[in-house]
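With my numbering as the guide, the letters of the sequence shown map in order to residues 1 to 591. Where is the CB? At the ideal position from N, CA and C, for every residue including glycine. Down below is the structure, laid out as structure tokens.
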Amino acid sequence: MSRHLVAMALLLPLVAHAGGAMSINALRGRAVTDPHGVIVDVRQRLDRGGANLAPADERALLWGMGTAAINADDEAAFAESTLRLDSLGKARGDAVALAASGFLRARHDVANGIGDGLGEALRAAARVQGSSDAQIVAWARFQLCDAYALDESATKALELCRRAEDSYRAVGDAWGIADAENDEGIALATLGRTREAAAAYQRSRRRFAGVGATELAVMVGDNLSKMYLKLGRPREALALSRTSLAHELAAGRISDSLDSSTDIARAEAALGHPRQAYAMMQATVARARAAGIDGQLVDLLRSESELAERNGRMHDAVAQLREALKLTAATSTPALRAIEAELEARYAVREKELRIHDLERENRIKDLALKAARAEARQREEARRRDVLVGRVTGGALAGLMLVAVLLFLLLRAQRRHAAELQLLALRDPLTGIDNRRAFLQHAGSLLPLRGDVPAPVLMLIDVDHFKRINDSAGHPQGDRVLVQVSTFLCEAVGTHGRVSRIGGEEFAVLCPMLGAEAGMRLAETLRAGVAGLPLSSKVGPERVTVSIGVAVFDALRHNDLDGWMRAADAALYAAKSSGRDCAVAAAAVD
Numbered sequence: 001m002s003r004h005l006v007a008m009a010l011l012l013p014l015v016a017h018a019g020g021a022m023s024i025n026a027l028r029g030r031a032v033t034d035p036h037g038v039i040v041d042v043r044q045r046l047d048r049g050g051a052n053l054a055p056a057d058e059r060a061l062l063w064g065m066g067t068a069a070i071n072a073d074d075e076a077a078f079a080e081s082t083l084r085l086d087s088l089g090k091a092r093g094d095a096v097a098l099a100a101s102g103f104l105r106a107r108h109d110v111a112n113g114i115g116d117g118l119g120e121a122l123r124a125a126a127r128v129q130g131s132s133d134a135q136i137v138a139w140a141r142f143q144l145c146d147a148y149a150l151d152e153s154a155t156k157a158l159e160l161c162r163r164a165e166d167s168y169r170a171v172g173d174a175w176g177i178a179d180a181e182n183d184e185g186i187a188l189a190t191l192g193r194t195r196e197a198a199a200a201y202q203r204s205r206r207r208f209a210g211v212g213a214t215e216l217a218v219m220v221g222d223n224l225s226k227m228y229l230k231l232g233r234p235r236e237a238l239a240l241s242r243t244s245l246a247h248e249l250a251a252g253r254i255s256d257s258l259d260s261s262t263d264i265a266r267a268e269a270a271l272g273h274p275r276q277a278y279a280m281m282q283a284t285v286a287r288a289r290a291a292g293i294d295g296q297l298v299d300l301l302r303s304e305s306e307l308a309e310r311n312g313r314m315h316d317a318v319a320q321l322r323e324a325l326k327l328t329a330a331t332s333t334p335a336l337r338a339i340e341a342e343l344e345a346r347y348a349v350r351e352k353e354l355r356i357h358d359l360e361r362e363n364r365i366k367d368l369a370l371k372a373a374r375a376e377a378r379q380r381e382e383a384r385r386r387d388v389l390v391g392r393v394t395g396g397a398l399a400g401l402m403l404v405a406v407l408l409f410l411l412l413r414a415q416r417r418h419a420a421e422l423q424l425l426a427l428r429d430p431l432t433g434i435d436n437r438r439a440f441l442q443h444a445g446s447l448l449p450l451r452g453d454v455p456a457p458v459l460m461l462i463d464v465d466h467f468k469r470i471n472d473s474a475g476h477p478q479g480d481r482v483l484v485q486v487s488t489f490l491c492e493a494v495g496t497h498g499r500v501s502r503i504g505g506e507e508f509a510v511l512c513p514m515l516g517a518e519a520g521m522r523l524a525e526t527l528r529a530g531v532a533g534l535p536l537s538s539k540v541g542p543e544r545v546t547v548s549i550g551v552a553v554f555d556a557l558r559h560n561d562l563d564g565w566m567r568a569a570d571a572a573l574y575a576a577k578s579s580g581r582d583c584a585v586a587a588a589a590v591d
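Here it is, written out as structure tokens:
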């Protein structure tokens with residue numbers, strides 16, 4: 001997980017007028033490195049200022065408290081800052097205070113996977129969209145950049161982060177530029193553009209160092225270490241992460257230290273020290289449990305599971321993965337369900353691949369045994385020709401050997417057929433019988449790169465609306481029947497135009513290789529209307545089942561790769577959900 005620096009970003013007159021002792025950049029830095037201290041200081045300043053405190057200064061102080069509260073995971077301080085910003089905005093008609101409250105909620109909700117974080121950020125930005133103050137414009141652009149980067153909507157985040165950098169340059173805010181460059185690096189890393197991401201992180205580090213923000217430069221260094229790992233530079237990655245860990249432990253930032261420890265473990269593994277890496281990851285998970293930091297435990301358990309697998313400890317790897325899935329169950333969202341399905345499929349496929357590998361190894365052994373038996377049979381036949389008497393004695397043995405050879409051949413053929421069946425099962429969804437996520441990714445990847453003489457392929461992401469209600473009211477067996485009924489209809493309606501896959505719990509994907517934008521939207525509307533008209537059992541509960549559909553036509557200039565294409569379709573699906581569900585939305589309309 002890349003390090004988002006929830007620093008203050010530039011906000012208006014700020015604290016220079018609120019007592020003079022706390023400079024703008026000092027408060028920005030302390031919001032990251034000493035968030036608890038900032039909360040205490042701000043509360044004291046608010047108490048001393050009382051009714052005489054200027055609205056702009058109060059607004060800036062509350063923004064500082066809110067950003068520090070997010071870093072400190074202090075829900076009470078977070079609630080206090082947002083409520084007081086709302087009150088200030090409504091009492092004085094202060095659109096900037098209302099926007100500040102909205103951006104804080106957006107950052108909190110996106111980070112914790114709750115609510116409508118991106119929608120909150122967009123609504124907050126709309127409040128100050130027409131502002132003539134260049135500082136406010138720069139601040140709002142960065143908040144949107146940060147929200148999209150944190151939500152892993154990388155293509156949109158990249159555009160917004162670069163606009164924020166330009167705006168900060170216009171107002172001469174080097175700190176703000178460094179903040180935006182760090183988020184630019186995060187977006188580029190999400191898009192798989194590793195070298196560009198590393199360059200952005202390096203620029204951010206130099207700029208933070210230039211304004212005296214050493215701690216933040218060190219924190220960005222941990223993001224850079226992840227890129228160095230991907231670029232095959234594990235020793236440099238290890239040095240950066242160890243520096244980050246030392247600073248974080250000295251400052252008591254346990255949450256950040258867990259991330260640095262994970263990066264150290266990955267670097268050790270890349271350097272060929274798998275046991276040392278796994279031991280480091282076990283200690284990191286134990287520290288997270290002791291500190292009660294459950295928000296990071298899922299990612300830490302997944303990393304521990306991967307390193308356990310590298311050490312050949314498959315039982316531990318599966319146990320750690322199952323625990324991670326249990327922790328995510330209480331806050332399950334479509335995105336989390338997709339992650340869970342992907343992880344479950346990954347380990348199911350891994351187990352099948354291991355079984356296939358064992359079967360292939362057994363087949364090789366049996367093949368060698370068969371060849372040896374045939375060679376021995378030939379030798380015995382030659383001996384029989386040399387000596388008739390010996391041949392009569394050994395004739396029975398020769399027949400037995402030939403029988404063994406035939407049986408070995410039949411067993412080998414059966415084993416190969418079984419291995420082929422296992423490979424087929426690895427690409428099929430066990431409930432609906434259609435392609436699973438792994439098969440979908442294989443087919444989608446085979447379409448790229450595109451030829452210029454054919455219509456562009458179309459990707460549809462389809463999510464069954466309010467599916468949890470069906471499971472809760474009618475039970476999971478009825479929910480499974482609805483999924484089978486929906487998948488059957490989708491396959492019949494799509495026909496020869498494309499392939500239908502189940503890629504998550506109630507999420508499907510339709511991949512149409514040569515359909516084009518207009519025909520794609522027509523087909524999506526046909527699918528939407530057809531599902532809404534499906535006859536349902538009276539036991540299901542609702543009168544009908546509906547779906548929301550996101551449609552994306554692949555554009556090599558905009559999407560770069562399969563990941564970008566899927567994110568475009570996912571953004572369109574999100575827009576369909578936000579528009580009231582039971583509709584199809586094109587990614588081009590969302591852009």
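Beta-carbon proximity check, residue i vs residue j, cutoff 9 angstroms
i, j, result
"HIS36", "ALA72", "yes"
"TYR168", "PHE142", "yes"
"ALA157", "ARG127", "no"
"GLN602", "VAL171", "As displayed, the chain neither begins before 1 nor continues past 591, which places residue 602 out of reach and without an answer."
"LEU515", "LEU527", "no"
"ALA613", "ILE39", "Only positions 1 to 591 of the chain appear in this structure, which leaves residue 613 out of reach."
"ALA572", "ALA556", "no"
"PHE103", "GLU120", "yes"
"ASP256", "ASP222", "yes"
"ALA99", "ALA77", "no"
"LEU461", "ALA509", "yes"
"GLY89", "ALA138", "no"
"MET219", "GLY185", "no"
Close-in-space but distant-in-sequence residues of the same chain around residue i (CB under 7 angstroms, 5 per side omitted)
i, result
"THR546", "ASP465, VAL531, ALA532, ARG581, ASP582"
"PRO13", "Legend: pLDDT at PRO13 = 42, less than 50; position of this residue unreliable, value from coordinates given subsequently. These residues qualify, in order along the chain: ALA56, ASP57, ALA60."
"SER261", "LEU245, MET280, THR284"
"TYR347", "Bear in mind that a pLDDT of 35 at TYR347, under 50, signals an unreliable position, so the model cannot answer this."
"MET521", "VAL551, ALA584, ALA586"
"GLU351", "Since pLDDT at GLU351 reaches only 41, below the 50 mark, its modelled position is unreliable, and the value read off the structure follows with that caveat. Correct list: empty, nothing qualifies."
"GLY192", "ASP561, ASP563"
Continuous alpha helix (DSSP H) stretch holding residue i: start and end
i, result
"CYS593", "Residue numbering for the chain in the displayed model covers 1 to 591; residue 593 lies beyond these limits and cannot be assessed."
"ASN112", "95-112"
"ILE186", "174-190"
"ASP133", "ASP133 -> no alpha helix (DSSP H), and no H or E assigned at all."
"PRO477", "476-494"
"VAL40", "35-49"
"HIS559", "556-559"
"GLU268", "254-270"
"MET280", "274-291"
"GLY115", "Here GLY115 belongs to no alpha helix (DSSP H), and DSSP marks it neither H nor E."
"GLU58", "55-72"
"GLU518", "517-532"
Residues of its chain near residue i, where Cβ-Cβ distance is below 6 angstroms and the 5 sequence neighbours each way are ignored
i, result
"TYR574", "none"
"ILE339", "Low confidence applies to ILE339: its pLDDT is 43, below 50, so where it sits in the model is not reliable enough to give any reading."
"ALA317", "SER305, ALA308, GLU309"
"GLY29", "ALA213"
"PRO274", "ARG310, ASN311"
"ASP86", "SER101"
"ALA91", "none"
Residues near residue i in its chain [Cβ-Cβ closer than 8 angstroms; skip 5 each side]
i, result
"ARG544", "ALA532, GLY533, LEU534, LEU536"
"GLU215", "GLY29, VAL32, THR33, HIS247, ALA251"
"ARG428", "ILE434, ASP435, ASN436, ALA439"
Run of the beta strand (DSSP E) containing residue i, from where it starts to where it stops
i, result
"GLY593", "Within the shown structure, residues of the chain are numbered from 1 to 591, placing residue 593 beyond reach of any answer."
Residues that DSSP places opposite residue i in a beta bridge
i, result
"ALA509", "LEU461, SER501"
"ALA586", "VAL551"
"ARG428", "ASP435"
The ligand FMN heavy atom lying under 8 angstroms from the CB of residue i
i, result
"ALA290", "Absence of the ligand FMN from the depicted structure is noted, as is the absence of any ligand whatsoever, leaving it without description."
Three or more C-beta pairs below 8 angstroms linking the region 194-201 and the region 546-566: Using a Cβ-Cβ distance cut-off of 8 angstroms, the region 194-201 and the region 546-566 are not in contact, since fewer than three pairs of beta carbons, one from each stretch, lie closer than that value.
Contact the region 433-444 vs the region 407-414: 3+ CB pairs below 8 angstroms: A contact between stretches requires three or more CB pairs, one per stretch, nearer than 8 angstroms, and the region 433-444 fails this requirement with the region 407-414.
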